[in-house]
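Engineer:
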Amino acid sequence: MIKNIEEKHIIFFGCGAVQKCIFHYFDKYLTANYEKMLIIDLLDYTTHPDVKKFIDKGATYIQIDINKEYKNIISKLNPYDIIFDLSNRTDSLNIIEECLKNNIHYINTSLEDPISPKEINKKEESLKRTYQYSHNVINTLKNKYKENATSLLCAGMNPGTITVMTKLAILHLAKNTKKTKELNLYINERDWGRLCQYLEIEIIHCSETDSAILKNKNDKFNNTWCCQGLIDEYSDDTQMTWGTNQNTIPTGSEMLSDYVIDLHKPSKDVYSESYVPFDGKIIGCCISHSEQISGADYFSTPEHSPTIHYVYRFSPATYESVKKLPDNLIGGTFPKGYTHVLNNLDDKFKGIDRVGSLIITKNKTCVWAGSMLSNTEKHIGLHSGTTAQVAVSVLSFMHWILDNPKNGANFPEVCDERYIYDRIKPYYGFYIDFVDYKPSSLQFEDLRRTKEEFDKQFSNKK
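Take any residue in the sequence shown, count from 1 to its spot, add 221: that is its number in the working numbering.
#1: Throw me the rounded Cβ distance for the M684 and G650 pair, which I believe falls under 8 angstroms.
#2: Going by DSSP, name the residue or residues bridged to W589.
#3: Given G602, which residues of its chain have a CB within under 6 angstroms of its CB, disregarding the five upstream and five downstream residues?
#4: Between the Cα of L435 and the Cα atoms of H600, H530, T539 and V576, which residue gives the shortest distance?
#5: Could you name the residues that DSSP lists as bridge partners for D431?
#6: DSSP three-state call for V201: helix, strand or coil?
#7: Between which two residues does the beta strand (DSSP E) carrying V532 extend?
#8: Counting only the same chain and skipping the five closest in sequence on each side, list residues whose C-beta sits under 6 angstroms from that of I226.
#9: Which runs of the beta strand (DSSP E), 3 residues or longer, sit entirely within the region 589 to 659?
#10: What does a CB cutoff of less than 7 angstroms around A395 pick up in its chain, not counting 5 residues either side in sequence?
#11: What whole-angstrom Cβ distance do Y301 and I317 have, given they're in contact under 8 angstroms?
#12: What would DSSP say about K257, mapped onto helix, strand or coil?
#13: Here's the rule: buried if 16 or more other CB atoms are within 10 angstroms of the residue's CB, otherwise exposed. What is E368?
#14: Within 10 Å of its beta-carbon, does K683 have 16 or more other beta-carbons around it, so buried, or fewer, so exposed?
#15: Return the chain-ordered list of same chain residues with a C-beta closer than 6 angstroms to the C-beta of S542, the five sequence neighbours on each side being excluded.
#16: Given Y533, which residues of its chain have a CB within under 6 angstroms of its CB, disregarding the five upstream and five downstream residues?
#17: Nearest-angstrom Cα distance between C447 and C427?
#18: If you check the beta carbons only, do I231 and I283 fall under 7 angstroms apart?
#19: Classify S614 as buried or exposed, calling it buried when 16 or more other Cβ atoms lie within 10 Å of its own Cβ.
#20: Quick one: Cα of L451 to Cα of K400, how far?
#21: Run the CB neighbour count on F655, radius 10 Å, all protein chains shown included, and call it buried at 16 or more, exposed below.
#22: Can you tell me which of S617, V635 and A630 puts its alpha carbon nearest to the alpha carbon of I223?
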């Protein structure tokens, strides 16, 4: 399944933890001309073994501000060249349009914004920084550049492969349900909205637990993926797909579309119960993510929509850092050198990242489909289970871009689930099955939990 792209120039925006991990897995997916590669970051990561390997083979590394230089960089590329964007706080929407105009293949894992959450204080500016607004812009660009070079947005593990997991969970439920002509039709046509309605799926959680514990303590802010990205999402307003089964709209909330709600509370103040196999019932933070916006378009019908949101119990190592984080840095900008992403080069740490899609039906039948990857797996090299799952997803989605080169702007929901599954499977700890979870209620407000209940899970681990 290795694709040859030696004729293409390849630009890497950002050289953080996930990008380094992409370098680690790169030649398992792609054959390229390293002398046509350019790696860009504000910081110098040239001594990292996986980065140095690319430089030694001919790649160029430069330190510049992507937000100031992206137009100049893109203008020098040839049609159907490639940009891997794993940067943080870049001007995603304008970069995407520039790539579409110039017929450049582009992939990222999130819709970034150059402005920190703390700097957004005007109401009209706040509206423009919502997930729903960003998705509206992308849908407009898709209509405008329908047959231009393919871009795939928010295409990591979650968001990204989590949508593949949702589809696989739905199919697992459907194939274990008494067959009718109607059900078979929806399965064969992959009509996800009608399948959710027919199977009475009321809730879809991206449910995740990360058990990473750091043995060699340090005084930095530690996380298993981008530290600034975590806190930006932690500070953003909670937005999600609000299912048709929800009886009430929480006080102070606002419907941004037929199905998407903004609770007008930062994610750090919103928690929910969910379930992860082997961990059991969990309480996690409802961090806003792209899949709970784009999911509204793909898993709904005019008559029915599930409630879709993220429930994240981050690692004990991250929890300790968040607990000590000064208020002025929540939604602000971390000082240089303040953060650290756990990895097998610098750290002694252990743990498993379990992330998947939990679907819950009206009669409380539950299926979980996802990945469980230990930080000690040999194939992850110097990285971590968390970054490995994202990197493998990005490279798998890049295959889809190359096989569908003139499809404009897309979210991962359009990708065939089997196509992506076949490419991630060798490096994922894949799990899918019915799970023994019976929530007391399917109402979001009934499943909602407090920060104190969330915190208690970590005190119990000591």
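Heads up, the beta-carbon is just placed ideally off N, CA and C, and yes, glycines get one too.
Structural biologist: Let me lay it out:
#1: A query on residue 684 cannot be resolved here, the shown segment of the chain reaching from 222 to 683 and no further.
#2: DSSP, once it has assigned bridges, lists L579 and D654 as partnering W589.
#3: Taken in chain order, the residues that qualify are H245.
#4: Cα-wise, what sits closest to L435 is T539.
#5: The partner list for D431 (beta bridge, DSSP) reads D574.
#6: Because the chain is modelled from 222 through 683, residue 201 falls outside the range shown and cannot be assessed.
#7: For V532, the enclosing beta strand (DSSP E) begins and ends at T528 to R534.
#8: The answer, listed in chain order, is L251 and A253.
#9: Runs of the beta strand (DSSP E) lying entirely within the region 589 to 659, each at least 3 residues long, are 651 to 655 in chain order.
#10: Same-chain partners within the cutoff: L404, I408, L416 and L420.
#11: Rounded to whole angstroms, the Cβ separation of Y301 and I317 is 16 angstroms, and the two are not in contact under 8 angstroms.
#12: Collapsing the DSSP output to three states places K257 in a helix.
#13: That one is exposed.
#14: Unreliable placement is indicated for K683, whose pLDDT of 48 sits below 50; the coordinate value is still reported in the next sentence. Exposure of K683 is indicated by the presence of fewer than 16 other C-beta atoms within 10 angstroms of its C-beta.
#15: Cβ neighbours of S542 beyond the five flanking positions: F442 and N443.
#16: Counting only Cβ-Cβ distances below 6 angstroms, and skipping sequence neighbours, we find E429, G505, C506 and I508.
#17: Distance between the alpha carbons of C447 and C427: 19 angstroms.
#18: Not in contact: I231 and I283 (Cβ atoms no closer than 7 angstroms).
#19: Buried: at least 16 other Cβ atoms inside 10 Å.
#20: Cα atoms of L451 and K400: separation of roughly 43 angstroms, rounded to the nearest angstrom.
#21: With a threshold of 16 other beta carbon atoms within 10 Å, F655 falls short and is exposed.
#22: With distances taken between Cα atoms, I223 lies closest to S617.
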